[in-house]
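To start, the structure under review is shown below, and the notes come after it.
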Amino acid sequence: TPGFTGADLANIFNEASLLTARHNKKKISMFEVEDAIERVIAGPEKKSRIIAEDEKKIIAFHEAGHALLSHILPNTDPIHKISIISRGKALGYVITLPEADKFLKTRKELLDNITQLLGGRVSEEMTFDDITSGAQNDLDRSTKLARKMVTEFGMSPKIGPITYRMDEEEVFLGKEIMSRPHYSEEIASEIDREVSRIISESYAKAKQILIENKDALSMLANNLMEKETLSRDQVMKMLINVKSQKKPKKPESVVKDDSVK
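The opening residue of the sequence shown carries number 174 in the numbering used here; numbering runs sequentially from there.
Written out as structure tokens, the structure is:
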């Protein structure tokens, strides 16, 4: 649970205790804790939501696209679980969790995150020669991330290390909040072009990787169709022959103290 606050952890164990009671058990097990973590991250399961077989297949390939890119790209968090069981508003989901708390994001990490977010849409387009509305949240998040890179983080070579943020006027006499840019229309157009470039290049990268690993994509999606949920271990076994670009973790150094007998 890296990144979780004390309140998040309290919420998890409150949920886990409720699930334990529903299962008529006296002790909380890791089964309830895992379920509680997913409820906090993605919302409650909606098994009552009936999904047609053809839509189920689209969702499976969509989530497989995200998962495969998470496995391959060097700067994404490791996969924790993939599922096509609805939770909250999501029809399917891939949970990736960092191995430790992180407070900074590099440019390479942000670009890989955008590429991973676009993997679902790319997988749909490749497999079905069509696209759906299912990628709406992914597109929204990737676009906002790209815009932040350009306007807030100074990560665009063309725009430079300058912040271009919108100023919001306070509500006064019933007027709605208005957002006003502190820059010219020419700069606004340049920002739009840079955001579009980042998204286009990330989309092309996602497509290239998924085309090169089309068999692995199909294998993941077909297993998702059959089992509905795949754990990290199951995914790793399936992708054992798919080369990851992630750097192997260095073993922790051990300091030898000769004074200790």
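Each residue gets a CB set at the ideal place from its N, CA and C atoms; glycine is no exception.
For clarity, every value in this text was computed on a predicted model and none was experimentally measured.
Span separating the alpha-carbon of residue i from that of residue j
i      : j      : result
GLU363 : ILE332 : 8 Å
ALA308 : GLU236 : 10 Å
PRO271 : HIS253 : 9 Å
LEU390 : GLU358 : 43 Å
Closest Cα partner of residue i within the set the options
i      : options                        : result
ILE258 : THR279, THR269, ASP250, ALA233 : ALA233
ASP388 : GLU401, ASN414, ILE224         : ASN414
PRO217 : ILE304, THR174, GLU207, ILE224 : GLU207
ILE382 : SER296, GLY176, LEU283         : SER296
SER315 : PHE326, LEU283, ASP303         : LEU283
GLN418 : ARG294, ASN248, LEU182         : ASN248
Per-residue burial, residue i [other beta carbons within 10 Å of its own, 16 or more giving buried]
i      : result
GLN289 : buried
HIS244 : buried
LEU346 : Residue placement at LEU346 cannot be trusted, given a pLDDT of 48 that sits under 50; what the coordinates show is reported in the next sentence. Per the 10 Å Cβ criterion, exposed.
HIS239 : buried
LYS416 : exposed
SER426 : In this prediction, SER426 scores a pLDDT of 45, lower than 50, which makes its location untrustworthy; the coordinate-derived value is nonetheless stated afterwards. Counting Cβ neighbours within 10 Å, SER426 comes out exposed, since fewer than 16 surround it.
PRO421 : exposed
ALA180 : exposed
GLU399 : exposed
Residues near residue i by beta carbon distance below 6 Å, same chain, minus five either side
i      : result
PHE186 : none
LYS380 : VAL295
Contact set for residue i: own chain, Cβ-Cβ below 7 Å, skip 5 residues either direction
i      : result
ILE214 : ILE268
GLU367 : VAL323, SER329, LYS331, ILE332
DSSP state of residue i mapped onto helix, strand, coil
i      : result
LEU346 : Because the pLDDT of LEU346 is 48, which lies under 50, any placement of that residue in the model is unreliable, and the number read from its coordinates should be weighed accordingly. Note: LEU346 maps to coil in three-state DSSP.
VAL368 : helix
LEU403 : strand
ILE360 : helix
Beta-carbon contacts of residue i that lie in its chain and below 8 Å, excluding the five residues immediately before and after
i      : result
THR336 : THR324, GLU325, GLY327
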